[in-house]
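Report on the structure given below.
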Amino acid sequence: YMEVRLERKEEEDPSIGDLIMHFISLFWKVLFSLVPPRFCGSGYPAFLVSLFFIGLLTAIVEQIASLLGCVWGIKQAVSGITLVALGTSLPDTFASRSAAIHDDSADAAIGNVTGSNSVNVFLGLGLPWLLAVIWKRAEGGDPDDQIFKVGTFNLE
Numbered sequence: 099y100m101e102v103r104l105e106r107k108e109e110e111d112p113s114i115g116d117l118i119m120h121f122i123s124l125f126w127k128v129l130f131s132l133v134p135p136r137f138c139g140s141g142y143p144a145f146l147v148s149l150f151f152i153g154l155l156t157a158i159v160e161q162i163a164s165l166l167g168c169v170w171g172i173k174q175a176v177s178g179i180t181l182v183a184l185g186t187s188l189p190d191t192f193a194s195r196s197a198a199i200h201d202d203s204a205d206a207a208i209g210n211v212t213g214s215n216s217v218n219v220f221l222g223l224g225l226p227w228l229l230a231v232i233w234k235r236a237e238g239g240d241p242d243d244q245i246f247k248v249g250t251f252n253l254e
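Here the sequence shown stands for residues 99 to 254, where the numbers follow our numbering.
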């Protein structure tokens, strides 16, 4: 015979900040609850629905960036690049913060920051420039074109 003693901890009431964050994130919780479980259909339905949501949210962010740029009088390219940079960096910042809080040595946080910034720089800058170079060469572009040189860092 074993006696089990359960200590009952008093539950704390949620703070105002908790209630505000719950209200703000409620839409996202409901939206992401529509993604099917990953064990259904070998994960393909979950992948396809997630891909659809990513495309939908990307279109929404693009429209918001365009509207903000128009309202603030900023060029569309500048507002787009700025919001894309925020959109790629903020989730990584929160993931690194969470890893640093839960890990004694914060190795995961440092690895996440390093990897995230490397991907942002090398893919976010390198891939568009590579595609621009390939496109320009395929069109028979002039290598002495100043815009082409600036875009590919080939200044003399």
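The C-beta atom is built at its ideal place from N, Cα and C for all residues, glycine as well.
Values in this document were obtained by computation on a predicted structure and should not be read as measured data.
**Message:** Quick check on DSSP: helix, strand or coil for Leu125?
**Reply:** The amino acid occupying residue 125 in the given sequence is Phe; Leu does not appear at that position. Reduced to three states, the DSSP call for Phe125 is helix.
**Message:** Need the endpoints of the alpha helix (DSSP H) that Glu160 sits in, please.
**Reply:** First-last of the alpha helix (DSSP H) with Glu160: 142-170.
**Per-residue DSSP class, three states only, for Asp202** = Judged by DSSP in its simplified three-state form, Asp202 adopts coil rather than helix or strand.
**Message:** Can you look up Lys234 in the DSSP assignment and give me helix, strand or coil?
**Reply:** Looking at Lys234 - three-state DSSP - the assignment turns out to be helix.
**Request:** Measure the CB-CB distance between Val147 and Val128 and report whether it falls below 8 Å.
**Result:** It is not a contact, given that the beta carbons lie outside the stated cut-off.
**Prompt:** Roughly how many angstroms lie between the CA atoms of Arg136 and Ile122, to the nearest whole one?
**Reply:** Taking the Cα positions, Arg136 is about 26 Å away from Ile122.
**Message:** Tell me which residues share the same chain as Asp111 and place their Cβ nearer than 8 Å to its Cβ, disregarding the 5 neighbours each side in the sequence.
**Reply:** A distance below 8 Å between beta-carbons, with the five flanking residues on each side excluded, links Asp111 to no residue of its chain.
**Prompt:** Can you tell me the Cα-Cα spacing of Leu229 and Thr156, whole angstroms?
**Reply:** The straight-line gap from Cα to Cα measures roughly 21 Å.
**Message:** Just to confirm my understanding: we take Ala236, look at its own chain, exclude 5 residues before and 5 after, and list those with CB closer than 7 Å. What are they?
**Reply:** For Ala236, where only same-chain residues beyond five positions count, there are no Cβ hits under 7 Å.
**Prompt:** Taking buried to mean at least 16 other C-beta atoms within 10 Å of its own C-beta, is Ala163 buried or exposed?
**Reply:** Buried, because 16 or more other Cβ atoms sit within 10 Å of the Cβ of Ala163.
**Prompt:** By Cβ distance below 6 Å, which residues in the same chain neighbour Ser214 in space, the five residues on each side in sequence not counted?
**Reply:** If we look at Ser214 and ignore the five residues flanking it on each side, its Cβ neighbours are Asp190.
**Request:** Look at the alpha carbon of Glu109 and the alpha carbon of Asp116, and state the distance between them as a whole number of angstroms.
**Result:** So the two alpha carbons sit approximately 14 Å from each other.
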